[in-house]
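In the numbering used here, the protein residues as written are 1 to 143.
What follows is the structure in structure tokens.
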């Protein structure tokens, strides 16, 4: 059996980490799959899906260090007029940060529950907000 769902989030900041594990757990529970896999995938090239501990200090460290690796003031080839968009590309750091965090996470489902570690949180990582963002959820398995 396969279930496909989408979750939509309205991000609030240019860079932020949004906890989404509870939303994923709810979808897994609703679908009725007892044994399987859940795939969590972002639809966007300036967002990521990443897993880490849910601590405000750690979230601040992650965003700070990504900002140090990819400073906004740097010279980026992507920061130019894009004819295909008819506008300036003002989000090169978003693309690079998203590449580092990755675009998906995969977890097993056992006895109807997603198997997260005790300290694990699933984050939608926003790097070009605020915007409306969609996350694809594909749940595969047996009832």
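Don't be surprised by glycine CBs; every beta carbon is placed ideally from N, CA and C. Because the structure is a prediction, the values reported are computed rather than measured.
Between residue 103 and residue 63, the beta carbon gap of about 18 Å keeps them out of contact (Cβ cut-off 8 Å). With contact defined as three or more Cβ pairs closer than 8 Å, the segment 75–85 and the segment 4–21 are not in contact. The C-beta of residue 4 has fewer than 16 other C-beta atoms within 10 Å across all chains shown, which makes the residue exposed. Taking C-beta atoms under 8 Å as the contact rule, residue 47 and residue 107 fail to qualify, at a distance of about 19 Å. When DSSP states are grouped into helix, strand and coil, residue 80 belongs to the coil group.
The beta carbon of residue 138 sits closer than 6 Å to those of 4, 39, all from its chain and outside the five residues before and after it, given in chain order.
Residue 29 and residue 71 have their C-alpha atoms spaced approximately 41 Å apart. A Cβ-Cβ separation of about 10 Å leaves residue 111 out of contact with residue 33 under the 8 Å criterion. According to the DSSP assignment, residue 10 belongs to the beta strand (DSSP E) that extends over 2–10.
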